[in-house]
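J.:
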Amino acid sequence: MLMENQLKTEKSNMTTITEFVLLGFSDIPNSQWILFGIFLVIYLTILMCNSIIILITRIEPVLQTPMYFFLNNFSFLEICYVTATVPRMLMDLLTQKGNISLVACAAQMFFVLTFGGSECLFLTAMAYDRFVAICNPLHYPLVMNHKICVQLAIASWVSGVPAIIGQTCQIFSLPFCGSNTINHFFCDIPPILKLACGDTFLNEIAVYLAAVVFIMVTFILIIVSYGKIIANILKISASGRAKAFSTCSSHLMVVVLFYGTATINYLQLKPHQSARIGKVISLFYTVLTPTLNPIIYTLRNKDIMMALRKLLSKLLR
Numbered sequence: 001m002l003m004e005n006q007l008k009t010e011k012s013n014m015t016t017i018t019e020f021v022l023l024g025f026s027d028i029p030n031s032q033w034i035l036f037g038i039f040l041v042i043y044l045t046i047l048m049c050n051s052i053i054i055l056i057t058r059i060e061p062v063l064q065t066p067m068y069f070f071l072n073n074f075s076f077l078e079i080c081y082v083t084a085t086v087p088r089m090l091m092d093l094l095t096q097k098g099n100i101s102l103v104a105c106a107a108q109m110f111f112v113l114t115f116g117g118s119e120c121l122f123l124t125a126m127a128y129d130r131f132v133a134i135c136n137p138l139h140y141p142l143v144m145n146h147k148i149c150v151q152l153a154i155a156s157w158v159s160g161v162p163a164i165i166g167q168t169c170q171i172f173s174l175p176f177c178g179s180n181t182i183n184h185f186f187c188d189i190p191p192i193l194k195l196a197c198g199d200t201f202l203n204e205i206a207v208y209l210a211a212v213v214f215i216m217v218t219f220i221l222i223i224v225s226y227g228k229i230i231a232n233i234l235k236i237s238a239s240g241r242a243k244a245f246s247t248c249s250s251h252l253m254v255v256v257l258f259y260g261t262a263t264i265n266y267l268q269l270k271p272h273q274s275a276r277i278g279k280v281i282s283l284f285y286t287v288l289t290p291t292l293n294p295i296i297y298t299l300r301n302k303d304i305m306m307a308l309r310k311l312l313s314k315l316l317r
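In the working numbering, the protein residues as written are 1 to 317.
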């Protein structure tokens, strides 16, 4: 009887949370407008640069190759990825309110994880494309034909969706009680789990296993591909070596930036990191990396730069 009364008392003390409050960057209140301006410029830059890449890779005949087909998809993915977080963050900075319903929070988490997982898969597909092009050039048109490229692209877009739906549903089926403030600028897994009542050990294990599959497995495949690519590049002539290194180094830079920060956030040994460090790390893979990606791919790619000059000359006539 005593235990039953105790359970009733605990249940009455637990308030059902219907919405969360994203604290964002409220710890630096005097810089809200400055941050709004910076992130707005960054977001518009990402939209513009990736849209230009999509346009160029579609209309320029020279760029109708598997490599640029994947780059086209990757650029569109980057637009989707930042749109899942930055507009919401801009609105919160503008209104100074971070209220978000459970459904909207779950939807944001789903899209961020989906696009993040797709990014891992696309980077792997792009590494495979470079591996076939450099290590098996005679069979490249046959191996990387249009049908195969479309299949790889579709797989990269949708393969992770069932697992991410399960992951999101599992997290948001947890009971939330007490504080409803998320010390983050978007609904990410680590800060959400901190608000859940009871033991979240199984959820953390599920998140860790999913991160291993999406981050570590794909990263290992990319490293293996580039290990073979580098070994093959060293065998070819100096002129061909320079062009191959230039193409591959751009992709490797993107891989290091994205995987480095994502690994720290989702595969760290201490899951309960400080909120400030978590936000900084998240900014790297959700905002900074998508900002640098189009710059890396355009400035270090002669074909795209030539296509861009040609497009500008046509527009300025």
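Idealized CB from N, CA, C, for every residue including glycine.
1. Quick check: the segment 75-92 against the segment 125-140, are at least 3 beta-carbon pairs closer than 8 Å?
2. Can you tell me whether G198 is buried or exposed, with buried defined as 16 or more other CB within 10 angstroms of its CB?
3. L152 to A125, Cα distance in whole Å?
4. Thinking C-alpha only, which one of V213, P290, R309, D303 is nearest M48?
5. With distance defined between alpha-carbon atoms, name the residue in V143, L315, L316 nearest to P66.
6. Could you please give me the residues that DSSP links to N99 through a beta bridge?
7. Is the beta carbon of T181 less than 7 Å from the beta carbon of L292?
8. Looking at C-beta atoms only, is the number of pairs between the segment 199-206 and the segment 170-177 that lie closer than 8 Å three or more?
9. Just how far apart, CA to CA, sit V127 and L209?
10. Return the residue from the list F69, M305, I38, T286 that minimises the CA-CA distance to N145.
11. Are there three or more Cβ pairs, one per stretch, closer than 8 Å when the segment 89-99 is compared with the segment 26-45?
12. Going by alpha carbons, who is nearest to G160 out of N232, L288, E119?
13. To the nearest angstrom, how far is it from the Cα of G260 to the Cα of W33?
14. What does the alpha-carbon distance come out to for the pair F122 and C248?
15. Please report how far the alpha carbon of L267 lies from the alpha carbon of A211, in whole angstroms.
16. Does DSSP classify I46 as helix, strand or coil?
17. Closest to M305 by C-alpha separation, out of F25, P190, E19, I52, would be which residue?
T.: In short, the structure shows the following:
1. no
2. Translated into the one-based positions of the sequence shown, residue 198 becomes position 198. Exposed.
3. For this step, residue 152 is matched to residue 152 along the sequence shown. For this step, residue 125 is matched to residue 125 along the sequence shown. Rounded to whole angstroms, L152 to A125 spans 7 Å at the Cα level.
4. What you label residue 48 is simply residue 48 of the sequence shown in a count that begins at 1. Taking only the C-alpha atoms, the option nearest M48 is P290.
5. Position 66 of the sequence shown, counted from the start, is the residue given in the question as residue 66. The shortest Cα separation from P66 among V143, L315, L316 belongs to V143.
6. Residue mapping note: residue 99 aligns to position 99 of the sequence shown, counting from 1. Looking at the DSSP assignment, N99 forms a beta bridge with V21.
7. Position 181 of the sequence shown holds residue 181. Position 292 of the sequence shown holds residue 292. Result no, Cβ atoms of T181 and L292 do not sit closer than 7 Å.
8. yes
9. Reading the sequence shown from its first residue, position 127 is the one you call residue 127. Reading the sequence shown from its first residue, position 209 is the one you call residue 209. Rather than Val, the amino acid found at residue 127 in this sequence is Ala. Cα-Cα distance, rounded: 23 Å.
10. Position 145 of the sequence shown, counted from the start, is the residue given in the question as residue 145. With distances taken between Cα atoms, N145 lies closest to F69.
11. yes
12. Residue 160 sits at position 160 when you count from the first residue of the sequence shown. Taking only the C-alpha atoms, the option nearest G160 is E119.
13. Taking the sequence shown and counting its residues from 1, the one referred to as residue 260 is at position 260. Taking the sequence shown and counting its residues from 1, the one referred to as residue 33 is at position 33. Answer to the nearest angstrom: the Cα atoms are 30 Å apart.
14. Taking the sequence shown and counting its residues from 1, one reaches residue 122 at position 122. Taking the sequence shown and counting its residues from 1, one reaches residue 248 at position 248. Straight-line Cα distance between these residues: approximately 15 Å.
15. Within the sequence shown, residue 267 is the residue found at index 267, counting from 1. Within the sequence shown, residue 211 is the residue found at index 211, counting from 1. Cα to Cα, L267 sits roughly 7 Å from A211.
16. Against the sequence shown, residue 46 aligns to sequence position 46. I46 falls in the helix class under three-state DSSP.
17. The residue labelled residue 305 in the question sits at position 305 within the sequence shown. The shortest C-alpha separation from M305 is found at I52.
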